[in-house]
Structure formats: C-alpha cells, structure tokens
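Enquirer:
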Amino acid sequence: MDGLQFKQLKRFVAEFGQLGCICEKGIFQAIGESSQCNGYRKWTIGYRQRFDGLRSRGCCFKSRVKIEIESTNHPNDLCPASYSPTVGSAKYASRTNPGAVVHSYGDDKLLQSIAEPCSLDFLNLRIAQVPNDDGDTYTKAMFGFELLHEKASMFDNNIRYLSQCIMKKNGISEVTSVRCKTQAEVSVAGRIECDADARLNPKSVVLQGIWEHSLSQTVPVDLDNVKQYSLFPGQTVVMRGVNPRGDKFVAQEVFCDASLPVADHKADMINALNGKMSIVIAAGPYTTSDNMAYEPLKDFVSYITTHKPHVVIMTGPFLDSEHTKVKDNTMAETFKSFFDKLIDNLGDLSNTSPNTKIYIVSSSKDAFHVNIYPTPAYPSKRKHGNIHFIPDPCTLNISGVVVGVTSTDILMHTSQEEISLGMSGDKLSRLAGHVLQQQSYYPLWPAAAGLAVDAALWAAHAQLAVTPHILVLPSNFRYFVKDVNGCVVVNPEHLTKGTGGGTFARLLIASDNNDKKISAQIVRI
1 MDGLQFKQLK RFVAEFGQLG CICEKGIFQA IGESSQCNGY RKWTIGYRQR
51 FDGLRSRGCC FKSRVKIEIE STNHPNDLCP ASYSPTVGSA KYASRTNPGA
101 VVHSYGDDKL LQSIAEPCSL DFLNLRIAQV PNDDGDTYTK AMFGFELLHE
151 KASMFDNNIR YLSQCIMKKN GISEVTSVRC KTQAEVSVAG RIECDADARL
201 NPKSVVLQGI WEHSLSQTVP VDLDNVKQYS LFPGQTVVMR GVNPRGDKFV
251 AQEVFCDASL PVADHKADMI NALNGKMSIV IAAGPYTTSD NMAYEPLKDF
301 VSYITTHKPH VVIMTGPFLD SEHTKVKDNT MAETFKSFFD KLIDNLGDLS
351 NTSPNTKIYI VSSSKDAFHV NIYPTPAYPS KRKHGNIHFI PDPCTLNISG
401 VVVGVTSTDI LMHTSQEEIS LGMSGDKLSR LAGHVLQQQS YYPLWPAAAG
451 LAVDAALWAA HAQLAVTPHI LVLPSNFRYF VKDVNGCVVV NPEHLTKGTG
501 GGTFARLLIA SDNNDKKISA QIVRI
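Quick note on UniProt numbering: the sequence shown kicks off at 1 and runs consecutively.
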C-alpha cells in the first residue's frame with residue numbers, strides 16, 4: 001500500500017466511520033496485517049481505540065457497506081448473475097416428447113446404431129480447419145474499412161472466376177459485352193442485381209457485366225422467354241440470348257451452376273476415416289426466450305455425457321443480443337464472463353466424455369462478440385483441451401470427411417429475395433443448392449438487413465474451397481436432411497424455439513477404403 005492509497009483509505013474510513021456506515025473490524029485487520037509501516041499500524045490501533053470508546057458510550061454502528069467475496073457458482077448452474085430472480089420456462093419443462101426422433105435420413109442399419117448410447121469405438125480422429133486462400137486468420141482485415149475501388153475489384157474477380165466455372169460446365173467458349181447490339185444469339189456473363197431499392201421481381205432484373213468484357217456496365221434483362229430460372233441478387237450467371245438494341249438483353253436460357261466436385265474422402269489414405277464416427281450438431285440460441293436458465297443447454301450436455309459422440313459442433317449465438325434479458329440490462333456480470341462460465345461447463349465434459357471434441361462456431365448475433373460477417377472465432381482465455389473455437393463460416397476436415405458449417409441463416413435470407421419459375425425439386429433443396437453452385441457460404445448480395453458483411457472478409461473467408469460431404473446450414477426453416485448434388489445438407493433448426501424446446505441433429509458416418517455412408521436423425525431436445 002503506497003502513501004496515496006493509504007490517504008484515500010484513511011479519508012474514506014474517517015468520513016463513513018463516524019456515521020457508523022462501515023464495518024471497521026475487517027478493514028482494521030486488513031490494514032494492520034498488510035501494513036509493514038509502523039505509522040500505518042499506529043494509526044489503525046488509534047482508530048480502533050476511538051471506535052471502542054464510542055461503542056462503550058452506547059453508540060450503535062450498523063454495517064451498511066459490505067466487502068463481498070466473489071461467490072463461486074455451482075458447476076451445473078448456468079444462470080448468469082442477475083438483479084432479478086431467474087425462473088425456468090414452464091412451457092419447456094412441460095414438453096411431452098423430449099428425445100423423440102422427428103426425422104431420419106440414410107441407411108437403416110446405421111440408423112439403428114446411431115441411437116445406441118456409448119456403442120461407438122474409440123477413433124483417433126485427425127481434425128483440421130480447411131484454410132482459405134487468405135489463410136485461416138482474420139488479423140489482416142480492418143472491419144468497416146472498405147475502399148470502393150478495392151471492393152469493386154474483389155467482386156469483379158469473383159464474378160469472372162465463377163462465370164468461367166459455369167462456362168466450362170456448360171461448354172460455352174466465350175462471352176460478349178452485356179451492351180453489345182446483336183440479333184444473333186450470344187452469351188453474356190455477370191451478376192444479378194435489382195434495378196430498384198425493393199425486392200427482386202421478374203421485371204426488375206439487371207445484369208452487371210464483367211469489367212474485362214463490359215466495363216462493369218449493367219443491362220436490364222427480359223426473362224419472358226426463359227422456361228425455368230432461379231435468381232437472387234448477388235448471383236453469378238451466364239445467359240444466352242439476344243440484345244437487338246443494346247439496351248435490354250432478351251434471355252433465352254440461364255446457367256448458374258458453378259459447383260465444385262465433392263471432396264475425395266480417400267485423398268489422404270493415411271488419415272482417412274476407417275470405422276464409424278458420430279457427430280452431434282446443435283444451433284443456438286441455447287436458452288428459451290423468456291429466461292436465462294439455459295435449461296436446453298443443460299439437457300444437451302446431459303445427452304453428450306450419455307451418448308459420448310466423437311465430435312460435437314455447436315453454432316452460436318450463445319448469448320443472443322436480441323434476447324429480452326440482455327436488452328433489459330438485468331445481468332449483474334459482463335456478457336463475456338458469463339460466456340466463459342458456459343465454456344467452463346462444456347469443458348467439464350472432458351471428465352465424463354474424454355474422447356469427445358467440441359467445436360464452437362462463432363456468431364455475429366452474440367452480445368459479447370464483434371457484429372461482423374464473416375465472424376472471427378470467439379476469443380477466450382479458457383483453455384480446455386476438448387474445446388476448439390472456429391469462425392463463421394468454417395470448413396473442417398475430419399479424417400477425410402469434409403464438413404462445412406455456418407451459423408448464419410443463409411437459407412432464409414436467400415428465400416426472402418429469390419425469384420423462380422419452372423424449377424423442379426423442392427424449395428429447400430434449391431436454396432441449399434445456391435450455396436454449392438455459387439461456391440460461397442453467403443452468395444446473397446447485398447446482405448439481409450441486420451447482417452453487417454465486410455467485403456474483404458467475405459472474399460477471403462466465405463468461399464467454399466471444395467464441395468463438402470456434409471454442409472450444416474442452421475435455419476428458421478423446418479429441420480431437414482437432404483442430399484443436394486452429392487452433399488448431405490443438414491438443417492438442425494435451433495435448440496430452442498421461443499419459450500419451448502427445439503431440435504438438434506446427430507449423424508453417423510461409416511467409412512472404409514471403398515465406400516462412405518452417412519445417416520442422420522433430427523432429435524427433439
């Protein structure tokens with residue numbers, strides 16, 4: 001204790017001690033024991049004698065200012081410190097079908113094995129994050145700092161690359177300017193845009209050309225002669241048609257598939273999966289909308305303890321910035337400290353399920369994290385050997401099985417802007433197919449309201465390096481598991497839905513040197 005600190009403390013005690021507003025015993029002991037200076041000790045003894053004299057004359061001292069010791073919560077208590085009591089959700093507690101399987105996909109024999117707890121063998125999995133062109137870190141980007149010419153150049157490079165992939169798949173040798181006057185059928189390449197500040201419709205479609213061929217000029221598109229199409233803003237396409245006057249392109253056919261081949265699970269034979277691997281996937285939020293008791297998360301942790309999967313993937317948000325209890329400022333601790341408490345609770349799974357690896361996917365919706373997309377991994381000082389933090393979006397290679405995952409609802413965002421005509425198949429498969437065909441976790445541009453997309457981060461970290469075997473796309477749409485162009489797309493929905501319970505997904509992958517099978521189930525929490 002230096003001189004300045006001692007003077008401040010002496011003045012504090014002098015002001016409040018005379019009024020009987022402080023408990024002198026604890027502070028006297030602290031000063032007397034910690035002070036090595038005789039002057040400090042002499043002062044504390046004198047002040048104690050003064051208090052004793054006042055007390056002997058009948059003065060009553062009440063302790064109104066308390067020095068509180070930080071309490072340690074029970075390890076299973078996931079409730080944040082709050083200025084108001086936390087009450088569990090009655091609707092969640094009264095649910096009638098916890099653990100029920102509501103959807104199944106894949107081989108029947110594997111589905112029988114997937115439901116058996118603790119029946120899987122130990123596997124020495126090799127799990128790595130698939131790097132992007134700019135590496136796997138976000139340190140080079142400055143959030144919100146975008147130069148228009150750099151942004152335009154990034155988009156033009158992306159349009160040119162995807163259009164070349166589309167041309168190669170469809171045998172198109174060359175494209176011309178979108179403004180080229182011609183009555184002969186030609187091909188043009190560009191990006192879909194809307195000519196108004198409103199939702200895209202068939203009469204407002206505009207095609208922005210490539211700088212190399214069209215100097216990035218735009219042209220309105222007439223879709224009346226196209227028999228089938230599925231378009232949304234930001235989509236790269238190649239169109240075949242005519243442009244008689246140079247001011248409107250009359251399309252005859254639209255090509256938009258630039259998808260990459262599915263990853264070869266036998267590319268690395270040494271580390272390839274040989275056996276059965278269990279993956280459990282859950283998407284936030286992890287507490288009901290009417291409280292912060294995190295009852296669904298507790299039940300999910302209990303499931304992991306019982307079934308002991310090899311890999312658990314959990315996508316954010318963990319502390320939703322739109323939650324009513326976050327907005328009303330009733331939490332008595334910081335958002336980050338409470339998140340660390342949640343992570344510590346998950347870290348305890350290393351005792352009950354030591355072979356389970358947990359991968360935490362960040363979310364821009366979290367109250368304690370940066371509100372930017374793509375979203376860097378959560379920063380945490382907690383070091384748990386079984387927990388790994390990864391960004392949104394992210395691609396994992398799990399012993400040859402490539403898993404792509406994002407916490408952003410690209411399916412719903414695309415659905416709100418897409419227009420289509422004459423397309424075969426169901427809508428959800430088509431929406432998921434856009435992600436694969438555009439080689440991007442978020443091909444929509446401009447982004448949906450409420451999502452802040454950084455163009456530099458998007459170009460570097462939101463692209464698909466390969467078509468994954470499994471693609472995790474959590475959404476507000478109803479849960480599903482579908483095969484889309486050779487990729488198993490999983491929407492586990494959310495672990496909570498309003499004040500009630502939601503669903504999560506469990507997968508079983510069986511692989512040997514010759515074949516790979518994937519089975520999945522959607523389970524109610």
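Heads up, the beta-carbon is just placed ideally off N, CA and C, and yes, glycines get one too.
Just curious, the beta strand (DSSP E) that ASP299 is in, first and last residue?
Expert: Indexing the sequence shown from 1 puts residue 299 at position 299. That residue, ASP299, is in no beta strand (DSSP E); its alpha helix (DSSP H) goes 295 to 307.
Enquirer: Under the rule that 16 or more other beta-carbon atoms within 10 Å means buried, what is GLY144, buried or exposed?
Expert: Here the question's residue 144 lines up with position 144 in the sequence shown. The residue is exposed, with fewer than 16 neighbouring Cβ atoms inside 10 Å.
Enquirer: Using only the alpha-carbon positions, how far apart do ASN76 and SER350 sit?
Expert: Here residue 76 is taken as the residue at index 76 of the sequence shown, counted from 1. Here residue 350 is taken as the residue at index 350 of the sequence shown, counted from 1. At ASN76 the pLDDT is 48, less than 50, meaning the model places this residue with poor confidence and gives no usable figure here.
Enquirer: Along the alpha helix (DSSP H) that carries SER429, what are the first and last residues, could you check?
Expert: Position 429 of the sequence shown, counted from the start, is the residue given in the question as residue 429. Residue range 427 to 437 is occupied by the alpha helix (DSSP H) that includes SER429.
Enquirer: Going by the CB atoms, is the gap between VAL402 and ALA263 shorter than 9 angstroms?
Expert: If you number the sequence shown from 1, residue 263 lands on position 263. If you number the sequence shown from 1, residue 402 lands on position 402. Cβ atoms of ALA263 and VAL402: closer than 9 angstroms.
Enquirer: What ranges does the beta strand (DSSP E) occupy inside the segment 95 to 123, keeping only unbroken runs of at least 3 residues that lie completely in it?
Expert: Within the segment 95 to 123, the complete beta strand (DSSP E) runs of at least 3 residues are 101 to 105.
Enquirer: State the Cα-Cα distance for the pair PHE318 and LEU147, rounded to the nearest angstrom.
Expert: Reading the sequence shown from its first residue, position 318 is the one you call residue 318. Reading the sequence shown from its first residue, position 147 is the one you call residue 147. Roughly 33 angstroms between the two C-alpha positions.
Enquirer: Which runs of the alpha helix (DSSP H), 4 residues or longer, sit entirely within the UniProt domain "DNA polymerase alpha subunit B OB" (155 to 255)?
Expert: 211 to 214
Enquirer: Based on DSSP bridge pairs, tell me the residues matched to SER519.
Expert: The residue you call residue 519 lines up with position 519 of the sequence shown. Per DSSP, LEU508.
Enquirer: Is the beta carbon of LEU444 less than 9 angstroms from the beta carbon of PHE232?
Expert: What you label residue 444 is simply residue 444 of the sequence shown in a count that begins at 1. What you label residue 232 is simply residue 232 of the sequence shown in a count that begins at 1. Yes, they are a contact pair.
Enquirer: So for VAL370, helix, strand or coil by DSSP?
Expert: For the purposes of this step, residue 370 is identified with residue 370 of the sequence shown, where counting begins at 1. Note: VAL370 maps to coil in three-state DSSP.
Enquirer: Please state if the CB of SER177 and the CB of TRP214 are separated by a distance shorter than 9 angstroms.
Expert: Position 214 of the sequence shown, counted from the start, is the residue given in the question as residue 214. Position 177 of the sequence shown, counted from the start, is the residue given in the question as residue 177. The amino acid occupying residue 214 in the given sequence is Ser; Trp does not appear at that position. Yes, the Cβ-Cβ distance between SER214 and SER177 is below 9 angstroms.
Enquirer: How would you label residue 581, buried or exposed, when you count the other beta carbons within 10 angstroms and need 16 or more for buried?
Expert: The first residue shown for the chain is 1 and the last is 525, placing residue 581 beyond what the model contains.
Enquirer: So is GLU212 buried or exposed if we call it buried at 16+ other beta carbons inside 10 Å?
Expert: Taking the sequence shown and counting its residues from 1, one reaches residue 212 at position 212. GLU212 is exposed by the Cβ-count criterion.
Enquirer: Report all residues from its chain with a CB closer than 8 angstroms to the CB of GLN416; omit the five preceding and five following residues, and keep chain order.
Expert: Locating residue 416 in the sequence shown gives position 416, counting from the first residue. ARG199, ALA448.
Enquirer: Check LYS266 in the structure and name its three-state DSSP category.
Expert: Looking up residue 266 in the sequence shown gives position 266. In the three-state reduction of the DSSP assignment, LYS266 falls in the coil class.
Enquirer: List the residues that DSSP assigns as beta-bridge partners of GLY275.
Expert: Along the sequence shown, read from residue 1 onward, the residue named residue 275 stands at position 275. BP columns for GLY275 point to SER511.
Enquirer: Identify whether VAL326 lies in helix, strand or coil by the three-state DSSP scheme.
Expert: Within the sequence shown, numbered from 1, the residue matching residue 326 stands at position 326. In this structure, VAL326 counts as helix in the three-state DSSP scheme.
Enquirer: Tell me which residue opens and which closes the beta strand (DSSP E) that ALA465 is part of.
Expert: Against the sequence shown, residue 465 aligns to sequence position 465. ALA465 -> no beta strand (DSSP E), and no H or E assigned at all.
Enquirer: Quick check: SER353 and LEU507, are their CB atoms within less than 9 angstroms of each other?
Expert: Position 353 of the sequence shown, counted from the first residue, corresponds to residue 353. Position 507 of the sequence shown, counted from the first residue, corresponds to residue 507. Not in contact: SER353 and LEU507 (Cβ atoms no closer than 9 angstroms).
Enquirer: Using only the alpha-carbon positions, how far apart do ASN170 and LEU162 sit?
Expert: On the sequence shown, position 170 is the one that residue 170 refers to. On the sequence shown, position 162 is the one that residue 162 refers to. Distance between the alpha carbons of ASN170 and LEU162 is about 13 angstroms.
Enquirer: Which same chain residues end up closer than 7 angstroms to SER321 when comparing Cβ atoms and leaving out the 5 residues on each side of it in sequence?
Expert: Reading the sequence shown from its first residue, position 321 is the one you call residue 321. Taken in chain order, the residues that qualify are LYS365, ASP366, ALA367.
Enquirer: Under the rule that 16 or more other beta-carbon atoms within 10 Å means buried, what is PHE122, buried or exposed?
Expert: Locating residue 122 in the sequence shown gives position 122, where the first residue counts as 1. Answer is exposed; the Cβ neighbour count stays below 16.
Enquirer: Quick check on the DSSP output: the beta strand (DSSP E) that includes ASP340 runs from which residue to which?
Expert: As a position in the sequence shown, residue 340 is number 340, starting the count at 1. ASP340 -> not in any beta strand (DSSP E); alpha helix (DSSP H) instead, spanning 335 to 347.
Enquirer: In whole angstroms, what is the alpha-carbon distance linking LYS516 and ALA510?
Expert: Position 516 of the sequence shown, counted from the first residue, corresponds to residue 516. Position 510 of the sequence shown, counted from the first residue, corresponds to residue 510. Computed Cα separation, rounded: 6 angstroms.
Enquirer: Using only the alpha-carbon positions, how far apart do VAL326 and GLY106 sit?
Expert: Position 326 of the sequence shown, counted from the start, is the residue given in the question as residue 326. Position 106 of the sequence shown, counted from the start, is the residue given in the question as residue 106. Distance between the alpha carbons of VAL326 and GLY106: 40 angstroms.
Enquirer: Which whole-angstrom value describes the C-beta separation of residue 536 and HIS103, a residue pair presumed to lie in contact below a C-beta threshold of 8 angstroms?
Expert: Given a span of 1 to 525 for the chain in the structure shown, any question on residue 536 remains unanswerable.
Enquirer: By the three-class DSSP mapping on this structure, what secondary structure does ASN491 have?
Expert: In the sequence shown, residue 491 corresponds to position 491, counting from 1. In this structure, ASN491 counts as strand in the three-state DSSP scheme.
Enquirer: Going by DSSP, name the residue or residues bridged to GLN129.
Expert: As a position in the sequence shown, residue 129 is number 129, starting the count at 1. Beta-bridge pairing links GLN129 to LEU396.
Enquirer: Taking Cβ to Cβ, would you say LYS497 is nearer than 9 angstroms to GLY400?
Expert: Here the question's residue 497 lines up with position 497 in the sequence shown. Here the question's residue 400 lines up with position 400 in the sequence shown. No, they are not a contact pair.
Enquirer: Can you tell me which of SER362, ILE410, ILE343, ASP454 puts its alpha carbon nearest to the alpha carbon of ILE387?
Expert: The residue given as residue 387 occupies position 387 in the sequence shown. Minimum Cα distance to ILE387 is reached at ILE343.
Enquirer: Assuming SER289 is part of the beta strand (DSSP E), what are its boundary residues?
Expert: Taking the sequence shown and counting its residues from 1, the one referred to as residue 289 is at position 289. Run containing SER289: none; DSSP gives neither H nor E here.
Enquirer: CB-CB under 6 angstroms to ASP299, same chain, minus the five flanking residues each way: which ones, in chain order?
Expert: For the purposes of this step, residue 299 is identified with residue 299 of the sequence shown, where counting begins at 1. So the list reads ILE525, once near-sequence residues are dropped.
Enquirer: Start and end of the alpha helix (DSSP H) containing ILE410?
Expert: Position 410 of the sequence shown, counting from 1, holds the residue named residue 410. Residues 410 to 415.
Enquirer: Comparing alpha-carbon positions, which option in HIS413, LEU451, GLY241 lies nearest ASN371?
Expert: The sequence position of residue 371 within the sequence shown is 371, counting from 1. Looking at the Cα atoms, LEU451 is the closest of the given residues.
Enquirer: Buried or exposed: where does ASP454 fall if 16 or more other Cβ atoms within 10 Å of its Cβ makes it buried?
Expert: To locate residue 454, count along the sequence shown from 1; it is residue 454. Burial call: buried.
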